[in-house]
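Shown next, in structure tokens, is the structure this report addresses.
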Amino acid sequence: MKVYSGNFLKDVITRLLEEGYRVYAPVKEGNYHVFRVVKSADETDFDYINTKKSPKEVTFPENEVLIKYGEWVEELPEQPDRLAIVGIRPCDVKGIRLMDRVFLEDITDPYYEAKRKNLLIIGYACNQAGDYCFCSSVGIKPYSSEGVDILVTNLNGRQIVEVVSDAGKELAANFELTDASAEDIEAKKELEKKVMESFTRKVDTENLEERMKRAFDSDYWREVATNCISCGTCTYLCPTCFCFDIFDDGELKGVRIRAWDSCQFPLHTLESSSHNPRPEKWQRLRNRFYDKFYYMLVRKGELYCVGCGRCSAACPVGIDIAEVIDNVPSEVE
Amino acid sequence: MNAETLERIKEECRKLPAEISYIVGFVRKQSEPREVVAVLKPDEVDKLSFSPLSFNNPARTVMELAKDNKVAVIAKGCDARALKQLEKEEKIERENLYIIGISCPGVIDYRKFRNTVKFRLAEIDSVELIGDEVVVKAGGEEQRIPFSEVIFENCLYCEQPTPKDYDVLIGEPREGKVDFSDIEEFEKLSAEERWSYWMDVFSKCIRCHACRQVCPMCYCNECLVDPSNLAVSPMTPAEEKAAYPRVLGRTVNAADNLIYHIVRVMHHAGRCAGCGECERACPMELPLRKLERKLEKVVYEVFNYSPDEEIPFLSKLDILPEG
């Protein structure tokens, strides 16, 4: 554990920009923060709990050109050779790691891989849980250094730097870092304890797989979906929702684009036979919760919710993922 | 919008006509002070809640439910206006509704509220509007916030705070007003300034369709500007497919997003209830009411029409002026 006397996050951005990286960092837009490509460290603002949209866009943009075509494939998109994301929270880092398992395991997605393998991740530990946060309930520590190259913690205005990977080490060598004192280490532990105590939401994941399995046919899901409007807000803001659709824009000449899709849209599951396995909105809503808390758990052994709370905070009708999961009936008739 | 209002609502709900099978009202969320729309049985009156955080419009839920049921609904001025519009468009039959109208002083902008309140959301016991102040109580402590600091901006221009059509009314009737001063101010900007304003706004849109989905007036099964949900099934005949207009692709950028929003809003001419659900629903917090209000202004000024008239706007366009 090291200490940096200046603002490490900003100085690291300046350095990365000099080295030719494409840098994504939190920028304040109106009343909220989002990750944007920045041209200078001055554009950034690190005073935030979490960003409005998840940073999944860095490796999985809402629209991505796959090919440009005419009579044949005329052009493949150029991929940036050096990417960095600075100031990402531990829940979102976990989100990227879960996305990796979708896009890189079994079948490798070349577009995702091209960006992911060049991605440098500078994490930023949380000092306070937001009102919708519940990452601690899904096995994430808000100060975790898992999956990052460097983790930065703001300790009473000073920046504590943990160098995690080789790439991180290489980058950190450009900065004057001093060893953290025993007091600093103690203070950081105190801070971690304080963060864990700042969660106001907890989700009961005890025996969840079994509970979900039994509750599938429960009327509970119809009830939960009463107000659902089948919009794509929850899935579009989610750091682990990965569904996409591919379409061509242009007839003889054009681009093939991959665009985010959402399991909440009725046509998402329409099959060639005209059969739709999820024609009703409650079935689609149920699918989202099962995807996060059951299907992926069975397939990959991990919950596909990182507890960032974005969907709960933004749902137009107040559907709250933490409440929904917490209330899954354990006894089903 | 205080404990007394809630008591009056419950009182009215306890003496509903016997043929009512559901109450569409507001219920407080478990982990935060806001209410959500809920469908209750008449014997579940005790679950009801109501506060300045009961900002959602129940009209959409009512539209679904009132097809086969008689439904009682707790409706603020704009909610009742949406119901009225749906009735005019034959989406709801008035005889299936029992409207418990609320004379509404305006609702809270939850985003502003979250930024202003000093308590954690989960700690808050109650939020009431008493006089000009929002009184927030949490664990024995109290915070008073001037209502003007957290009021939903749209409510400042409310035309109909008191429902025009109701079975019972709670609270003293309030006067609405026709006030487009905000739009007039905006119109003073040059075309270039307005263009760059909107291009900046629309560059932030992620086309999640929340604004459309939440809107009581956007009930079409197929949407002209939503290629992801045009109901072309694999069994749709080729001729029919070919006849589908392809206004918009799924490309998300400022220019395409602008088409989406403008086309959507244009279909609300003379219909918008002004509830502001679109703006509240937008995860990117875009000023969508501004578009609707500009259109409302045009409808008033050019066509001399108010959405509160008994006949639909479009049918009025068919009536030729005399002489």
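Read top to bottom, the protein sequences are chains A and B.
The first sequence begins at 1 in this note's numbering and counts up one residue at a time.
The second sequence begins at 1001 in this note's numbering and counts up one residue at a time.
A virtual CB, placed ideally from N, CA and C, is assigned to each residue, including glycine.
For ALA114(A) and SER136(A), the rounded distance between their alpha carbons:
31 Å
In angstroms with no decimal places, state the Cα-to-Cα distance between ARG22(A) and PRO80(A).
7 Å
Tell me which residues of the region 214-235 of chain A have at least one Cβ-Cβ distance to chain B shorter than 7 Å, keeping chain order.
THR226, ASN227, ILE229, SER230, CYS231, GLY232, THR233
Which class does ALA1072(B) belong to by DSSP, given the choice of helix, strand or coil?
strand
Pick from ARG1250(B), SER1190(B), VAL1135(B), GLU1142(B) that is closest to ILE246(A), judged by C-alpha positions:
ARG1250(B)
Hey, is GLN1213(B)'s beta-carbon within less than 7 Å of any beta-carbon in chain A?
yes
Buried or exposed: where does THR1061(B) fall if 16 or more other Cβ atoms within 10 Å of its Cβ makes it buried?
buried
Residues of the region 267-278 of chain A with Cβ closer than 9 Å to any Cβ of chain B, in chain order:
LEU267, HIS268, LEU270, GLU271, SER272, SER273, SER274, ASN276
May I have a chain-ordered list of the alpha helix (DSSP H) segments no shorter than 4 residues that lie completely inside the region 1064-1149 of chain B?
1077-1088, 1110-1116
Quick one: is the Cβ of GLU1292(B) within less than 6 Å of any heavy atom of the ligand ZN?
This structure simply doesn't include the ligand ZN, nor any ligand for that matter.
Could you give the first and the last residue of the continuous beta strand (DSSP E) run that contains THR153(A)?
150-155
So, is CYS1220(B) buried or exposed, given that buried needs 16 or more other C-beta atoms within 10 angstroms?
exposed
Does the beta-carbon distance from VAL1039(B) to CYS1013(B) come in below 7 Å?
no
DSSP three-state assignment for GLY95(A), whether helix, strand or coil:
helix
Who are the neighbours of ASN1154(B) on chain A, taking C-beta pairs under 8 Å?
Residues of chain A passing the Cβ test: none, with the nearest at roughly 15 Å.
Comparing the C-beta of HIS1268(B) with each C-beta of chain A, is any distance below 7 Å?
no
Which of helix, strand or coil DSSP assigns to PRO1052(B):
coil
Thinking just about the alpha-carbon of each residue, which of ARG82(A), PRO61(A), LEU98(A) is nearest to the one in LEU297(A)?
LEU98(A)
Output, in sequence order along the chain, the residues in the region 1046-1058 of chain B whose CB is closer than 8 Å to any CB in chain A.
ASN1056
Ignoring anything shorter than 4 residues or poking outside the region 118-192 of chain A, list the alpha helix (DSSP H) runs there in chain order.
166-172
Which first and last residues belong to the beta strand (DSSP E) in which ASP249(A) is found?
244-249
Applying the criterion that 16 or more other CB atoms from any shown protein chain within 10 Å of the CB defines a buried residue, is ALA182(A) buried or exposed?
exposed
For GLU209(A), would you say it is in contact with chain B, using Cβ-to-Cβ distances shorter than 7 Å as the test?
no
Please report the distance separating the alpha-carbon of TYR231(A) from that of ARG256(A).
Here residue 231(A) turns out to be Cys, not Tyr, going by the sequence shown. Taking the straight line joining both Cα atoms gives about 25 Å.
Can you give me the Cβ contacts of PHE1180(B) inside the same chain, cut-off strictly under 6 Å, excluding the 5 residues immediately before and after it?
LYS1297
Round the Cβ separation of ALA1075(B) and ILE1100(B) to the nearest angstrom and send it over; I've been treating them as touching at under 8 Å.
7 Å
Anything in chain A within Cβ reach of CYS1220(B), meaning under 8 Å, just list it in chain order.
Neighbours of CYS1220(B) on chain A: none; closest Cβ ~13 Å, over 8 Å.
Got a sec: is the Cβ-Cβ distance from GLY318(A) to anything in chain B below 7 Å?
yes
Are any of the Cβ atoms in chain B nearer than 7 Å to that of GLU280(A)?
no
Within 7 Å of any Cβ in chain A, is that where the Cβ of THR1116(B) sits?
no
Strand pairing of PHE35(A), partner residues [DSSP]
PRO26(A)
For a minimum of 4 consecutive residues, which ranges assigned as the alpha helix (DSSP H) are wholly contained in the region 1189-1269 of chain B?
1191-1203, 1210-1214, 1238-1243, 1254-1266
Mind checking which residues open and close the alpha helix (DSSP H) that includes VAL298(A)?
296-300
Length of the line joining the Cα atoms of GLU1087(B) and CYS1275(B)
16 Å
Can you tell me whether DSSP reads VAL65(A) as helix, strand or coil?
strand
For ARG256(A), the first and last residue of its enclosing beta strand (DSSP E):
254-260
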